[in-house]
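Everything below concerns the one structure shown next.
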Amino acid sequence: MIGKSEAVKSFHFLAEEPPSSIGKVFWSFYKPYKLSVIALTLCASIVGIYGLLNAFFTKILIDVLNDSPINNKIVLAFSIFVVMNFEMHNICWRVINYINLRIVPVIKNHLIQSLFDRVHNQSERFFQETLGGAIANNIMIMAENFERIGINLSIRLIRSAAQLIAALITMYCIHPIFSMALLIWTLCFVLTSLRFSKKISNLANDLATAQSHVAGRVVDSITNFSSVKLFVRRVFEGTFIKKSLNQMTEMFQKKERFLIKFYFFQGFSITCLVGFIIYFLIRFKISDLITVGDFAFILGSTLYVTENVWSGTELIDQLNEAWGKCRHSLKVIFSPVEVVDKKNAPPLKVKAGKIVFDRVGFHYTPDRPFFINKSLTIHSGQKVGVVGYSGSGKSTFINLLLRLYDVTHGQILVDGQNIQSVDQNTLRSCIGLIPQNPSLFHRTLMDNIRFGRVSASDEEVIEAAKKAHVHEFALQLPRGYHSLIGEQGVKLSGGERQRVAIARVLLKNAPLLILDEATSQLDAVTEKAIKETLFEVMKEKTTLIIAHRLSTLLNMDRILVFDNGKIIEDGSHEDLLNKNGHYKSLWDAQIGGFLPSVQSKCMTK
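Shown next, in the form of structure tokens:
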């Protein structure tokens, strides 16, 4: 079995760096199993020559039985050899099965874990531009074809190669012309197959792309099943996915049409070889140059070997198909990682919680700069409100602090440490974010809250739940805290999901706190109670609060007003009202304390 250190090294291979080739991926995962691979190769070779040995033993038996008198000792000996050959064949297959049982699931699990880790190491943009279903589908395609190439196809190819070599040697001993004919045919057959293998690989890659696209569309539609029902778009969704299905069908038929023509010419070449062999066998037998046993052995071996060579080239086609699918999956999963830590990056250490944006610049695309030389200091312990219209830069401001994107120039400092120079995982572990639309897992309620700190005890989880007013509805669930809450928490209401997200962050207890409309889906009574809890927690933390309801920012130390990627106003609620500027327009335009969604409503007031 694999050693612990080798397993760890193999596990992290795909997570750390893009592989230069698929072959390198295979080598990295099978290298710890060198002895098992050697044993598999040996057993597959023995299995390959099994049929030829039986044919050779049968040839000798035929020749001996045609002699007069019959040598009974030779007949008995070679009869025993036939039986022993069968048992050796049986033992070798069982060894192959046993090694397969021991190493394949382990290697497959390591691969999936590595790809899974690699995906979670991807940047924010990757998940925005790639369907989740397509990502999951490509991981499983890679794993299945990795197993298919590593064991099934490889063993069959080794078996075919061993059989061909044995056939060439034994035929040569009987008469060189048969061996040369088989060798020349094999070389032409294999080289022609390899010549077209790239075409087959490309066709397989195109089909894999289409299949991945269909899988992504299916998952995307099913994930949004509620929208499909509410807008009565079942027929529309069926039509929408039909385009992808038609494309997949077209790619499949294109590949199969090519294979039909290719296989026809392969079969015709075998017909020509068999005709040649039979012609010379008859001539040599008439001239008494070969025995009856030789005739049976050469003809039987030719039919047997050509069938397996053809099967072997089909295996090469299958190998190229699987290789193409692996290549496609790696291409998707190994999109360049935009946010990368420096080698041996130290952990972030937060003592005071001071945040500095030092001449920060950023853009999503070069033609649309968002922040230009922006400098800003948020002192430790400050409570800062962030307001502005949708698209004004509030979320980008938070995403840069979380280092979901890297700034294009300038730097962001936390307690004097450049966040691009520290380990990004430790940065995010120091920030507690309560999003407007929390993302929950299809796990138990307790598991979802404990996600904030996986080492927390049940008592600590329940304590955080009580502070976030989760405890009240948790006790009403069928299995309490151990109830499954559905995909994305679909079994909970919007307000309940938000309370779970708050409990999760309370349990995390990070020194920096970000609230993105954290109480927007709560009823007035629950919101008031939770706000008291949050304000208690905020006393010792540097806090950023994004809010559309400006009344929630009355007690902030300062408020940042965003517009088109710029902070156009900065001050307390009273100071900003006295300036009679943008914030004052927003405040005056609010009805019921909410920010208007259309800028012109404020500007024309």
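Numbering (my numbering), first residue to last: 36 to 640.
Backbone N, C-alpha and C define an ideal beta-carbon position, used for all residues, glycine too.
Quantities reported herein were computed from a predicted structural model and do not represent experimental measurements.
Should C223 go down as buried or exposed, given a rule of 16 or more other Cβ atoms within 10 Å for buried?
exposed
Would the beta-carbon of I454 fall within 7 Å of that of R438?
yes
Between the Cα of V442 and the Cα atoms of L547, S456, Y207, which residue gives the shortest distance?
S456
Between K94 and the rest of its own chain, which residues show a CB-CB distance below 7 Å, the 5 nearest in sequence each way excluded?
G328, D329, A331, F332
So for E604, helix, strand or coil by DSSP?
strand
L527 and I537 - do their beta-carbons sit closer together than 7 Å?
no
Expected contact under 8 Å - CB spacing of T205 and F91 to nearest Å:
6 Å
Taking all protein chains shown into account, do 16 or more other C-beta atoms lie within 10 angstroms of the C-beta of S80, making it buried, or fewer, making it exposed?
buried
Counting Cβ pairs closer than 8 Å, one from the segment 598-605 and one from the segment 572-580, do we hit at least three?
Flag = no, the segment 598-605 and the segment 572-580 do not touch.
Where T412 sits in the DSSP three-state scheme:
strand
I need the DSSP call for F486, collapsed to helix, strand or coil.
coil
Determine which residues share a DSSP beta bridge with P404 and list them.
Paired residue(s): H398.
Checking 7 Å against the spacing of the C-beta atoms, do I484 and A500 come in under that value?
Yes. Within cutoff.
Would the beta-carbon of Q288 fall within 7 Å of that of A245?
no
With 16 as the cutoff for other CB atoms within 10 Å, does M234 come out buried or exposed?
The displayed chain sequence assigns Lys, not Met, to residue 234. It counts as exposed.
Would you give the residue range spanned by the alpha helix (DSSP H) that L448 belongs to?
Careful: L448 lies outside any alpha helix (DSSP H), inside the beta strand (DSSP E) at 444-449.
Just to confirm, is the Cβ distance from N120 to L77 under 7 Å?
no
Are the CB atoms of G251 and N168 within a distance shorter than 7 Å?
The sequence shown places Gly at residue 168, not Asn. Cβ distance < 7 Å, so G168 and G251 count as in contact.
If you run the structure through DSSP and keep just helix, strand and coil, what is F271?
Helix at F271.
Could you check whether F405 and F397 sit closer than 7 Å to each other, using their CB atoms as the reference points?
yes
Cα separation between Q533 and V385?
27 Å
Quick test of the definition: if touching needs 3 or more C-beta pairs under 8 Å, does the segment 171-189 touch the segment 357-367?
yes
Count the other CB atoms within 10 Å of the CB of D551; is the residue buried (16 or more) or exposed (fewer)?
buried
Taking 7 Å as the cut-off, decide whether the C-beta atoms of I147 and S232 are in contact.
Judged by their CB atoms, I147 and S232 are not nearer to each other than the 7 Å cut-off.
Supposed close pair L462, I390 - CB separation, criterion 8 Å
About 12 Å separates the two Cβ atoms, so there is no contact after all.
For Y618, which residues from the same chain have a beta carbon less than 6 Å from its beta carbon, with the 5 sequence-adjacent residues on both sides left out?
Around Y618, the same chain offers V596, E604, L611 as residues with beta carbons nearer than 6 Å, after the five sequence neighbours per side are excluded.
Answer yes or no: do G708 and L542 have a C-beta to C-beta separation smaller than 7 Å?
Lying outside 36 to 640, the shown extent of the chain, residue 708 is not represented and no answer is given.
Is there contact here, the segment 118-138 with the segment 95-107, by at least three beta-carbon pairs under 8 Å?
no
Pull up the DSSP beta-bridge partners for R593, would you.
The partner list for R593 (beta bridge, DSSP) reads V419.
K296 versus L238: straight-line alpha-carbon distance, rounded:
Near 15 Å, if we compare the C-alpha coordinates of L238 and K296.
How should Y399 be labelled, buried or exposed, when 16 other C-beta atoms within 10 angstroms of its C-beta is the threshold for buried?
exposed
What does the alpha-carbon distance come out to for the pair V496 and Y424?
36 Å
Using CA atoms only, rank isn't needed, just tell me which of N379, L448, A380 is closest to K409.
L448
Buried or exposed, going by whether 16 or more other CB atoms sit within 10 Å of the CB of D623?
Residue environment analysis places D623 among the exposed positions, since fewer than 16 neighbouring C-beta atoms fall within 10 angstroms of its C-beta.
Span of the alpha helix (DSSP H) around L436:
From DSSP, the alpha helix (DSSP H) with L436 extends over 429-436.
Distance, Cα to Cα, I142 vs F213?
43 Å
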